[in-house]
Amino acid sequence: MKMICQVSFLYLLLNICSAKDVPACFIFGDSLYDVGNNFYLKTLAKPYFPNGIDFFGNKYGVPSGRYTNEQELGLKILTPPYLAPTATGDVLLKGINYASSGAGIFNSSGQLYGERISLDQQISYFAKTRKEIIAKIGAQAAKELLNNAIYFVGIGSNDMLLNKEKDRSHTPKSVDTLYQPLLSTFTSQLAKLYSLDARKFVVANVPVLGCLPFLRDASPLIFDGCNPNVNQLIRAFNGKMKIMLEELTTNLIGSNYIYANTYAMTEDIVRNYISYGFEIVDEACCHLGGLHGGLIPCVRGSLVCQDRTKYVYWDAFHYTETAQLIMAKHMMDGGTNYMSPFNVRQLSNSSFGQRK
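Residue numbers (mature numbering (1 follows the signal peptide of the UniProt record, and there is no 0)): -19 to -1, 1 to 337.
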């Protein structure tokens, strides 16, 4: 699968990063969090025109070539992609974005599309950034900065869709067989970040994927609408992920692993899209082929809808900016049905510092 998305909450996170009590933000993930790393790679997963058409509320409709518009209202500082030549010096002290389109928890995910930065590699890059920060400001100051920074991790959709193709029985046993290795790998990766001085985590679960325009077009004769089997597997995996994050918070002294329930957020938008002001939930705004616009990703030459605010989905795999902002606000101030054990605003508050 090319460029499978997680929901982008960079609007929210980078706005939080501008708060005086949050020294930096470090972002790990896949296509919807990639703000430019893949432009430096040999890959098919690049967000060319017309992606990024709403970047900074663009009035003129000139696309920036991004899947992710990493700003919410009023944000002035952008977290640069790790591979950009500007990601050096004092810039490192405010945070870096390591996300890469096509990336997965497993190193093999997305290999069909060429180069991408797997989560393991993203963490390796962060380890290098950490060394540079220590060299620049000293070990003690670096530890304080890194302990109080926010770490956002949003990944897993590529791995989930690839795995589901291997077993169509969709039984509870298949979830354990297919996803226990995935969960174990993810657990080790999050613990690795902890060993590198990360303490405040926001970890997004896997959102609703069974309703993507791509899957609507991929199985039109099997499912009339959303694919319930895919969503069933995701719910089961997410439940295990939540337990895993709770265990990490208990076992790793000083850590806070926040569970962002993007599945619940996206499910509510898809089910109640009219109440949110949307009109189209089963078609992509940017499309080139397929009844639902899901057969070909948004590329140069694709047709783009006139009013993007009326669509839930931007292209075959990604949400529109309007949908992203709704979910970002849930993440900022949402209750425990969306954010557990507390939301990002509370996490960024100094009163939610490390547990002793």
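C-beta atoms are modelled at their ideal positions from N, C-alpha and C, and glycine is treated no differently.
| query | result |
| --- | --- |
| Kindly list the residues whose CB is nearer than 6 Å to the CB of Leu276, restricted to its own chain and excluding five residues on each side of it in sequence; keep chain order. | Asp198, Gly270 |
| Distance check for Arg97 and Leu22, CA to CA, integer angstroms please. | 7 Å |
| How many angstroms separate the CA atom of Leu164 from the CA atom of Tyr94? | 24 Å |
| Tell me whether Leu248 is buried or exposed, calling it buried when 16 or more other Cβ atoms sit within 10 Å of its Cβ. | Per the sequence presented here, residue 248 reads as Glu, with Leu not at that position. Glu248 comes out buried. |
| Between the region 281 to 292 and the region 160 to 180, do at least 3 Cβ pairs fall closer than 8 Å? | no |
| Could you check whether the region 230 to 243 touches the region 258 to 268, counting it as contact only if at least three pairs of C-beta atoms, one from each stretch, sit closer than 8 Å? | no |
| Report the start-end ranges of each alpha helix (DSSP H) in the region 168 to 214 that is 4 residues or longer and not cut off at the edges. | 194 to 199 |
| Identify the continuous alpha helix (DSSP H) that holds Val251 and give its terminal residues. | 243 to 252 |
| Please report the residue range of the alpha helix (DSSP H) in which Ala68 lies. | No alpha helix (DSSP H) holds Ala68; DSSP gives it neither H nor E. |
| Is DSSP giving Ile261 helix, strand or coil here? | strand |
| What does a CB cutoff of less than 7 Å around Met313 pick up in its chain, not counting 5 residues either side in sequence? | Leu(-8), Asn324, Val325, Arg326 |
| With Phe298 and Phe195 assumed to form a contact (beta carbons below 8 Å), what rounded beta-carbon distance in angstroms separates them? | 6 Å |
| Ala185 to Arg281, Cα distance in whole Å? | 30 Å |
| Please classify Ala304 as buried or exposed, where buried requires at least 16 other C-beta atoms within 10 Å of its C-beta. | buried |
| Quick check: the Cα distance between Asn318 and Ala309, rounded to an integer number of angstroms? | 14 Å |
| With DSSP as the reference, label Pro62 as helix, strand or coil. | strand |
| Note down, in chain order, each residue of its chain lying with its Cβ closer than 8 Å to the Cβ of Arg111, except the 5 sequence neighbours on either side. | Ala123, Leu127, Leu177, Asp178 |
| With respect to the alpha helix (DSSP H) encompassing Val325, which residues constitute its N-terminal and C-terminal limits? | 325 to 329 |
| Mind checking Thr243: buried by the 16 CB within 10 Å criterion, or exposed? | buried |
| Which one of Phe218, Arg252, Ala130, Ser329 has the shortest CA to CA distance from Phe107? | Ala130 |
| Which class does Tyr294 belong to by DSSP, given the choice of helix, strand or coil? | strand |
| Count the other C-beta atoms from every protein chain shown that fall within 10 angstroms of the C-beta of residue 352, then say buried if there are 16 or more, exposed otherwise. | Here the chain covers residues -19 to 337 and nothing more, so residue 352 does not appear. |
| So, helix, strand or coil for Gly10, using DSSP? | strand |
| Excluding the five sequence neighbours on either side, which residues of its own chain have a C-beta within less than 8 Å of the C-beta of residue 339, listed in chain order? | What is shown of the chain runs -19 to 337, which leaves residue 339 out entirely. |
| Taking the C-alpha atoms as reference points, what is the distance between Lys173 and Pro278? | 34 Å |
| One question on the structure: do Val16 and Pro62 come within less than 8 Å of each other, judged by their Cβ atoms? | yes |
| State the Cα-Cα distance for the pair Asn18 and Thr60, rounded to the nearest angstrom. | 12 Å |
| What is the DSSP secondary structure of Ser321, reduced to helix, strand or coil? | strand |
| Using a threshold of 8 Å, state whether the C-beta atoms of Ile250 and Ile215 are closer than that. | no |
| Put Leu306 into one of helix, strand or coil per three-state DSSP. | helix |
| Between the beta-carbon of Ser90 and the beta-carbon of Asp140, is there less than 8 Å? | yes |
| Among the candidates Gly206, Gln170, Phe87, whose CA atom is the shortest distance from the CA of Leu226? | Gln170 |
| So does Asn219 have its beta carbon nearer than 7 Å to some heavy atom of the ligand ZN? | Among the ligands in the structure shown, none appear at all, so the ligand ZN cannot be discussed. |
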